[in-house]
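Asks: I'd like to ask you about the structure that follows.
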Amino acid sequence: MNLVKGIFQLGILYVFFLLGNLLQEILYIPLPGSIIGLLLLLAAMFSNILPVHWIQQGAGFLLAILPLLLVPATVGIMNYPSLFSGKGLLIFLIVMTSTAATIIITAKTSHYLENAKLKREEKKMCSKHLSH
Amino acid sequence: MLQTPIALIIIVITVIIYLGMVTLYRKFPIPFLLPVLTSTIFIIAILKSFDLSYDFYMTGGHWLHSLLGPAVVSLAYPLFHQRKTIIKHALPILAGVLTGLISGMFTLFLLAEIMSIPRDILLSMIPKSITTPVAMQVANDIGGNPTLTVAFVMIAGISGAIMAPSLLKWFRIRSSLGTGIALGSSSHAIGTSKAFEYGEFTFSISSVSMTLSAIIGPIFGFLISKLLL
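If you read the protein sequences in the order shown, they are chains A and B.
Just so you know, we're using my numbering here: the first sequence kicks off at 1 and counts up by one.
Just so you know, we're using my numbering here: the second sequence kicks off at 1001 and counts up by one.
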């Protein structure tokens, strides 16, 4: 990726981030500024105000290094050694159990809805065949 | 000023460790070797052995951290790119993401009540299934502790990626759509990287679910925290 172009694209993304923060402060929106920025960017692309190729590579770059950008925050766990002993382990277990429950419930629900839709479509096909 | 060279060294070391861990994970793609996890452990080990504080690390770390906001904004791109897939499967995706958010927060609340977990810890746990940058901001907004939230987000992500294949098998869910939605809405980016192993369709559904959770999740977190307080 061309360096100047890359910095320009990152600059655009940063401006959307700042705009999101600004709107959050002015309008007291109960959403993080970054999410407001995301929605603004989405709106700008859908309405053709912003050509997608203006941010395509910059966005791809940031998403590719996303795990790296998370590291400084995760290193902060070092200030909470209590999470890894005694009652902390209980909290660990709660988060894991809740995650497992979420996986099962979510997968079952969407699986069911998908099947229901497929069955409806099959019925439509069958009735079409019969009417011919 | 000594601060700038030190900050630079911290950034360079972080990047080198991260790249090393990515290489390791490519060779041995097991969930326990996820680069975020291994890099974090590696860096904490270095800091501890030289008796350095987290604040010291952040003199360099905050530069990388400041790119998180624009990175979240960037999620608009895959969402826009996959708009046709999303619209086609709009109902199961939306219903799945909503179920994921509700069941995740409800089970947390239930378990925390049974085990009498302090309220500030519960508030920090609530955004656990949302991608880290958003989860931290949600924790901040609802009165939780953002750093603790990062720990919970990591646990939800890694445990989800490890447990999902067995859980899906036991509950006989073979649908790619269901797998993608479950991984993305329970385990965010880590779950989504796991979804990659199930193929491109599952991967894209998972990243959409993760993004939608990040958009809808803050609203839910806000409502739940209002109910709790």
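The beta-carbon is built from N, C-alpha and C at its ideal position, and this holds for glycine as well.
1. I want to verify the contact list: residues of chain A whose CB lies under 8 Å from the CB of S1159 of chain B, in sequence order.
2. Counting only Cβ pairs nearer than 8 Å, list the residues of chain A close to L1036 of chain B.
3. Could you round the C-beta distance between V1097 of chain B and I1216 of chain B to whole angstroms and report it? I think they count as a contact, below 8 Å.
4. Please confirm if F17 of chain A has its CB atom under 7 Å from at least one CB of chain B.
5. Look at the Cβ atom of G1178 of chain B, then the Cβ atom of G1184 of chain B, and state whether they are nearer than 7 Å.
6. In three-state DSSP terms, what is T1289 of chain B?
7. Are the CB atoms of L69 of chain A and L1008 of chain B within a distance shorter than 7 Å?
8. Between which two residues does the alpha helix (DSSP H) harbouring E1113 of chain B extend?
9. In terms of residues, what are the limits of the alpha helix (DSSP H) holding Q1137 of chain B?
10. Distance cutoff 7 Å, beta carbons only. Does F1152 of chain B sit that close to anything in chain A?
11. Is L62 of chain A helix, strand or coil by DSSP?
12. Mind checking whether A1156 of chain B and S1129 of chain B have CB atoms under 7 Å apart?
13. Quick check: what's the CA-CA separation for T1040 of chain B versus S127 of chain A?
14. Please give me, in chain order, every unbroken run of the alpha helix (DSSP H) with length at least 4 that falls completely inside the segment 1146–1208 of chain B.
15. Please classify F204 of chain A as buried or exposed, where buried requires at least 16 neighbouring CB atoms within 10 angstroms.
16. Can you tell which of B:A1164, B:M1021, B:L1223 has its C-alpha closest to the C-alpha of P1127 of chain B?
17. Between the alpha carbons of T106 of chain A and A116 of chain A, how many angstroms are there, rounded?
18. Would you please state the rounded distance, in angstroms, between the beta carbons of A1035 of chain B and Y1018 of chain B? I believe it to be under 8 Å.
19. Using CA atoms only, rank isn't needed, just tell me which of B:H1081, B:I1219, B:P1070, B:L1024 is closest to M45 of chain A.
20. For a contact defined as C-beta to C-beta under 7 Å, what are the partners of V4 of chain A on chain B?
21. Tell me, please, whether the CB atom of V1208 of chain B is closer than 7 Å to any CB atom in chain A?
Replies: Result, derived from the coordinates:
1. Here residue 1159 of chain B refers to the residue found at position 159 of the second sequence. Within 8 Å Cβ-Cβ: V95, M96, T99, A100.
2. Taking the second sequence and counting its residues from 1, the one referred to as residue 1036 of chain B is at position 36. What sits at residue 1036 of chain B in the sequence shown is Val, not Leu. By Cβ distance, chain A contributes P67, L70, V71, T74.
3. Here residue 1097 of chain B is taken as the residue at index 97 of the second sequence, counted from 1. Here residue 1216 of chain B is taken as the residue at index 216 of the second sequence, counted from 1. Right, their Cβ atoms sit about 6 Å apart.
4. By 1-based counting over the first sequence, the position of residue 17 of chain A is 17. Chain B, which has a Cβ nearer than 7 Å to the Cβ of F17 of chain A, makes this yes.
5. As a first step, residue 1178 of chain B is located in the second sequence; it is residue number 178 there, counting from the start. As a first step, residue 1184 of chain B is located in the second sequence; it is residue number 184 there, counting from the start. It is not a contact, given that the beta carbons lie outside the stated cut-off.
6. With chain B covering 1001 to 1229 only, the question about residue 1289 of chain B has no answer from this structure.
7. In the second sequence, counting from the first residue as 1, residue 1008 of chain B sits at position 8. In the first sequence, counting from the first residue as 1, residue 69 of chain A sits at position 69. No, these two residues do not count as a Cβ contact at 7 Å.
8. Position 113 of the second sequence, counted from the first residue, corresponds to residue 1113 of chain B. 1090–1114 is the span of the alpha helix (DSSP H), which, as asked, contains E1113 of chain B.
9. Taking the first residue of the second sequence as 1, we reach residue 1137 of chain B at position 137. Segment 1132–1142, the alpha helix (DSSP H) holding Q1137 of chain B.
10. Within the second sequence, numbered from 1, the residue matching residue 1152 of chain B stands at position 152. Answer yes: the Cβ-Cβ gap between F1152 of chain B and chain A drops below 7 Å somewhere.
11. Translated into the one-based positions of the first sequence, residue 62 of chain A becomes position 62. Correct three-state label for L62 of chain A: helix.
12. As a position in the second sequence, residue 1156 of chain B is number 156, starting the count at 1. As a position in the second sequence, residue 1129 of chain B is number 129, starting the count at 1. Yes, these two residues count as a Cβ contact at 7 Å.
13. Numbered from 1 along the second sequence, position 40 holds the residue referred to as residue 1040 of chain B. Numbered from 1 along the first sequence, position 127 holds the residue referred to as residue 127 of chain A. Looking at the two C-alpha atoms, the distance is approximately 59 Å.
14. 1146–1170, 1176–1195
15. No answer is possible for residue 204 of chain A: it lies beyond the span of chain A, which begins at 1 and ends at 132.
16. For the purposes of this step, residue 1127 of chain B is identified with residue 127 of the second sequence, where counting begins at 1. Ranking the options by Cα distance to P1127 of chain B, first place goes to B:L1223.
17. Locating residue 106 of chain A in the first sequence gives position 106, where the first residue counts as 1. Locating residue 116 of chain A in the first sequence gives position 116, where the first residue counts as 1. Looking at the two C-alpha atoms, the distance is approximately 15 Å.
18. Taking the second sequence and counting its residues from 1, one reaches residue 1035 of chain B at position 35. Taking the second sequence and counting its residues from 1, one reaches residue 1018 of chain B at position 18. It is Pro, not Ala, that sits at residue 1035 of chain B in the sequence shown. With a Cβ gap of about 6 Å, P1035 of chain B and Y1018 of chain B count as contacting.
19. In the first sequence, residue 45 of chain A corresponds to position 45, counting from 1. Measuring from the Cα of M45 of chain A, the nearest candidate turns out to be B:H1081.
20. As a position in the first sequence, residue 4 of chain A is number 4, starting the count at 1. Correct list: empty, because the minimum Cβ distance to chain B is about 17 Å.
21. The residue you call residue 1208 of chain B lines up with position 208 of the second sequence. No, its Cβ sits nowhere closer than 7 Å to a Cβ of chain A.
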